[in-house]
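Chains as they are written, first to last, in my numbering: chain A, 1 to 653; chain B, 1001 to 1653.
Where a beta carbon is used, it is the ideal one built from N, C-alpha and C, also for glycine.
Report on one structure; see the data block that follows.
Protein chains: 2
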Amino acid sequence: MTSMTTTQPTRHHAGFVPVAPRSGTLRPLGGDQVRITDGFWARRQEVNGTRTLAHVRHWLEREGWLPNFDLAVAGGLAEGRRGREFSDSEVYKYLEALAWEIGRTGGDAHERELREVVARVAAAQEPDGYLGTAFGRPGQAPRWSDLEWGHELYCLGHLFQSAVARERTRPGADDGLLTIARRAADLVCEVFGADGIARVCGHAEVEVGLAELARVTDEPRYLEQAALFVERRGRGSLGQIEFGQQYFQDDVPVRDAEVLRGHAVRANYLAAGAVDVATDLGDDGLLEALTRQWGSTTARRTYVTGGQGSHHMDEAFGDDFVLPPDRAYSETCAGIASVMFSWRLLLAHGEARYADLIERTLYNVVATSPSSDGDAFYYANTLHQRVPGAPADPESASPRALSSLRAPWFDVSCCPPNVARTLAGLDALVATADGDGIQIHQYAGCTVDTTLDDGRRVSVRVETAYPADGRVRIVPLEDGDDAWTLSIRVPEWAAGAELAVTSGGDTSLLPAEPGYVAVRRRFRRGDAVELVLPMRPRVTRPDPRIDAVRGCVAVERGPEVLCLESVDLVEATGGPVDVAQALVDPASLDDTSGEVRIGVRTRAFEDRSWPYAGDGVPTRPGSTGDVRLVPYHSWAERGPSTMRVWMPVVDGA
Amino acid sequence: MTSMTTTQPTRHHAGFVPVAPRSGTLRPLGGDQVRITDGFWARRQEVNGTRTLAHVRHWLEREGWLPNFDLAVAGGLAEGRRGREFSDSEVYKYLEALAWEIGRTGGDAHERELREVVARVAAAQEPDGYLGTAFGRPGQAPRWSDLEWGHELYCLGHLFQSAVARERTRPGADDGLLTIARRAADLVCEVFGADGIARVCGHAEVEVGLAELARVTDEPRYLEQAALFVERRGRGSLGQIEFGQQYFQDDVPVRDAEVLRGHAVRANYLAAGAVDVATDLGDDGLLEALTRQWGSTTARRTYVTGGQGSHHMDEAFGDDFVLPPDRAYSETCAGIASVMFSWRLLLAHGEARYADLIERTLYNVVATSPSSDGDAFYYANTLHQRVPGAPADPESASPRALSSLRAPWFDVSCCPPNVARTLAGLDALVATADGDGIQIHQYAGCTVDTTLDDGRRVSVRVETAYPADGRVRIVPLEDGDDAWTLSIRVPEWAAGAELAVTSGGDTSLLPAEPGYVAVRRRFRRGDAVELVLPMRPRVTRPDPRIDAVRGCVAVERGPEVLCLESVDLVEATGGPVDVAQALVDPASLDDTSGEVRIGVRTRAFEDRSWPYAGDGVPTRPGSTGDVRLVPYHSWAERGPSTMRVWMPVVDGA
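Right, here's the structure in full:
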């Protein structure tokens, strides 16, 4: 057992991965090497592949966002175009989701879908490579005339990501997507190159797209262009807007910033692209700046769910410790973007804290957004629902952040296709390799089958019912000829975790400290390494600077943040009770019944004509009991309810 | 001493008042009958008249909002117009402020200003009466083509209010403003009448303007049109917008609503106009609905400052008890609109609670917005400033709600001229009359001189240093021939107030319960009625449903909410200390030094990589001391600071 060693930066073959840096500590293992086969995420992927993708396609057609491409060919775009400036990007995210899904399952129907959509997109590309339905045609604003809000480069960034996903899952496919992307990227380099327009897009994303496109095409100009965009940002090249320049991170140069700020999706996409630039150019100063920003953002501007962004107005980060639960924005896409940022830093540094935040965000933001049926979504993810609210209209697009129940589609519907591409590509976030072995970062029933750089074969199966159960068993599928190192992440929350190593019939039990535990040996069939994580529910208290949750606790179990839903409170107390009425006793937290339950006292409120008084506004005691807590990602699956993650405690508790 | 009696509805002569209902319990006394002469509000009025009005004029020219009217005449409006759709309204609010100021001081310079501006406005009016610089000319969108966001009727509502103010302060003035207003109002009645466009404006305001214009012109069509607009709202005549129909109160009919909701300025302007309609048409059902809405809004959706609106995104009310201090929006204009609504209900019902909320809002919202120099303003009024922030650029318009220090002007600059018109017309909110006497609602050094309906003369002087001091002394200026009733409001917070009545050399001391205390007698020179209000600072605790301030107290003194500013904390503890570090001991609140001071313990925070932990994130004890608290309206007058109204208490306090 050794602590994890880091390798020298080396060039890796890309494979079936969502990101393939040219240097770093860890090598990503893609969907061709890691297959999620069962359990929590397998079910989510199944629903995603069988329900969500079709759902997204349906709405893309219905809302006109895909037909916009047809209008570009047929004419009439200026009058007939539907959707916001960025609607093209949803089509590209859908294409990216299809690409991963085809790689994952090989489905012919998805392959036909992809080819049909690519053909419609291809037809809309202009002779010089420009692609975009919102600008540049007769009657429309000129190309690049509204960099602040036009999202043209943003959309192309998503196009590039879709082409990258396709090329990595079906290298050399004859559908033309990579060619479309290259033509558009060539135009971007021409227009925005060193001698071109010295500005950036109001919504970062093209950086990450270009950097990745450089990797699959070996075209250094794309990386150079991504680096140019990263360097240009923060220097005020974008115009003044109501939300201030920090909204699109044009306030401070990337390498000078101390923390993520402004629009949370923009900030994380930019950071992800900047890590790509830093790793591929060997720019240690830039990487260090981003690492510092990740640290301060995680420490001061992240919800307990992993969610980021506390402002509804500008979908933005608040000041440090401004993390109100009842006005949490925590946009689904910001969670996804944070995973993108964290994953890149994990590959760069190989430190468990990045995988910890990825796990937290996947379970409590990404998994919260879609319904269990995969056809309704949260755009914003509040941590406190005060009013039960009404179900969203299943037949129309909802306002993006007003839903108290999940909605089928939004007027700004970035989140559903973003969830789709993330779940379809999730296998690649499970494990990595380095020079001496593999690292298991996320626990899922899966197989990992890869070859190390020196030819040693690694083939294991991971067996687990996590997060229902805390045992994660890893068994070799082959008798190896050589020793290699199996590293397994131990989450920061898992104090007291143990590792049982079975070899040659003997089992030794070892403490497993948070970080990575590593076992180096010549693994043989019949051996097993079993991580046992403590899954007792935990009481969590906030930093006192998070004013909004003073006097409250949250409860977590494993990677899941739990919540109190009014439907459970009604059952526990036998009457109509709202979560506002509940005080909990942290000492009573218990799961011996098989459910997580906590002691609760309810109170009735006195309605005064003025809600402030010298002696406070008194309450009347109600009933006591104990109430079930459920995973936050499963909330609002039983009809309208009120809900809270942070629960006020009874006096003195 | 009797409880206040109510009179039958009767038609009053309007006079120099901001609102003149045709029925109600109390008759407003205008600026011709009440003159604020000294003290807190006199100083504010002085600064307003000498500094703020010129400041507003300067920026209206500079930003192009007044020159837009010239462009309308000269041509080029479609290309050259500056400002948002509603910028005309700022010119009209400025005119209204000038009108009150001219009435108040008779200043020739202001008279010239008004006439010049009216002339420029008049020139822009079209032959059919249409007035508006944002719509209807070649190259502009057609008139009334964007009722959701166009603000055309909203602007006209402010035009009508300016004409009403002018007519009431200079009846029959030959400047033409009333004619302009009438021509525009006639067009509105024609276009939006019973057989016209059956829709409303996205921003209520025309209702209150039309109802008041009906009063000064005796033109019933204007009132009918106001009533039509009130009845039409809430029935979905406006299109779907991202913020939902409640944003512009088009979700529920006015007479069915239970609480104010949506955009806080819109909601209060609408409510004020609806009260005008209800009182002038004798519509008791409508009045009852508005009275109910006022009650629930005050009880559940109002900050301790009187501020309303907790959402930055849509400048809107939150759900009940969503009143976060650090993201308080509490728009200055919402406070002004709330005063308008409350004042109308006070006239209708004669209940002290309306005057209580007016006082609270005047001292803690309206007085907070402008700097002591009258040339910088808050648009939003946060109750918790976490970051000192930088001074606003004195040479450019600021984003409306990003300033941590007051800014000279905003891109959406509704608040400065709204403050100006409110302060200029403030005399008329001090006192009213009924059939048997007068009522003093607000305490200010002033004279009140009026004649009751039956010809009895009432002439008194109010002497007070309030709120610095709690004594309010009212002395008759004449020997009366008849008895009449002097009623004085006793605020709800003033438990223990006393009334000293001096007559014929004898003084009797009487308890004064919150509400109105009334003294009926034949007053003679040498008599005096002195209200003595308890001005010891008070600890205030919130309703437990206001989650955001759990475990905190506020401190109030008289009508003023106090706050803790970091500059005082530095002085008290001798080092650089932020308000986040301070815990206060409510039991130590003291003002025997002549300042309000509270015991404070500071703490130092531990920076963790993750701000949540099972045992909480510990703090290290810092220093102890006592710190000065200052009136919230005076904060940020000593340079950048952090500030909080709600202060967390030390353990167990």
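- DSSP, read as helix, strand or coil, puts L1066(B) in coil.
- Comparing alpha-carbon positions, the option among D250(A), V322(A) and V304(A) lying closest to H311(A) turns out to be V322(A).
- Counting C-beta atoms within 10 angstroms of its own C-beta, L177(A) has 16 or more neighbours from the protein chains shown and is therefore classed as buried.
- With the criterion set as a beta carbon lying under 9 Å from some beta carbon of chain A, the members of the region 1231-1264 of chain B are Q1240, I1241, E1242, F1243 and G1244, in sequence order.
- Taking a contact as a CB-CB distance under 8 Å, the pair A1274(B) and V1230(B) counts as one, their CB atoms being some 5 Å apart.
- For S1588(B), the closest Cβ of chain A is not nearer than 8 Å.
- The Cβ neighbour count for P511(A), taken over all protein chains shown within 10 Å, is under 16; the residue is labelled exposed.
- Taking the CA atoms as reference points, R1538(B) sits about 22 Å from Q1308(B).
- For secondary structure counted as the alpha helix (DSSP H) over 4 or more consecutive residues, the region 294-355 of chain A holds these complete runs in sequence order: 332-349.
- Look at H1158(B) here: in three-state DSSP terms it is helix.
- Interface with chain A (8 Å Cβ-Cβ cutoff): T1298(B) is included.
- Listed in chain order, the non-local C-beta contacts of A289(A) below 6 Å within the same chain comprise R255, local neighbours out to five positions each way being set aside.
- With the rule of 3 Cβ pairs closer than 8 Å, the region 457-473 of chain A does not count as touching the region 408-422 of chain A.
- Residue range S87 to T105 is occupied by the alpha helix (DSSP H) that includes Y94(A).
- Restricting attention to V1553(B), I1488(B), E1498(B) and D1108(B), the CA atom closest to the CA of R1520(B) is found in I1488(B).
- Note on G106(A): under 16 other CB atoms within 10 angstroms of its CB, so exposed under the neighbour-count rule.
- A residue is called buried once 16 or more other Cβ atoms fall within 10 Å of its Cβ, and D1527(B) is buried on that count.
- Within the same chain, and ignoring the five residues on either side of R1461(B) in sequence, the residues whose Cβ sits closer than 6 Å to its Cβ are T1447, V1475 and L1477.
- Beta-bridge analysis with DSSP links L362(A) to no other residue.
- In this structure, N1381(B) sits away from V1561(B), with a CB-CB distance that is not shorter than 8 Å.
- Taken through DSSP and simplified to helix, strand or coil, Q33(A) comes out as coil.
- In the DSSP annotation of this structure, the continuous segment of the alpha helix (DSSP H) that includes P1220(B) starts and ends at P1220 to R1232.
- Sixteen is the threshold: since fewer than 16 other Cβ atoms of the shown chains lie within 10 Å of the Cβ of A1109(B), the residue is exposed.
- Looking at the backbone, the Cα of L1569(B) and that of S1641(B) are separated by about 10 Å.
- Near chain B, meaning a CB-to-CB distance below 8 Å, the residues of the region 608-624 of chain A are R608, S609, W610, P611, Y612, A613, G614, D615, G616, V617 and T619.
- Judged by beta-carbon spacing, D436(A) lies within the 8 Å limit of W484(A), meaning their Cβ atoms are closer than that value.
- Taking 4 residues as the shortest admissible run, the region 1538-1578 of chain B contains the following complete alpha helix (DSSP H) segments, listed from N- to C-terminal end: 1566-1573.
- Looking from the CA of V630(A), the closest CA among H384(A), E595(A), L131(A) and T450(A) belongs to E595(A).
- If you check the CB distance, S588(A) and D626(A) come in under 8 Å.
- For V208(A), the secondary structure class from DSSP, reduced to helix, strand or coil, is helix.
- Across the structure, A1580(B) and R1386(B) are spaced so that their CA atoms are roughly 7 Å apart.
- Chain A places a beta carbon closer than 8 Å to that of M1313(B), counting this residue as a contact.
- Interface flag for G1350(B) against chain A is unset, since no Cβ pair is found closer than 8 Å.
- Residue pairing by DSSP places C446(A) opposite I36(A) and V462(A) in a beta bridge.
- Beta-carbon to beta-carbon, R1327(B) and P324(A) are separated by about 7 Å, close enough to satisfy the 8 Å threshold.
- One alpha carbon belongs to G1193(B), the other to I180(A), and they sit about 57 Å apart.
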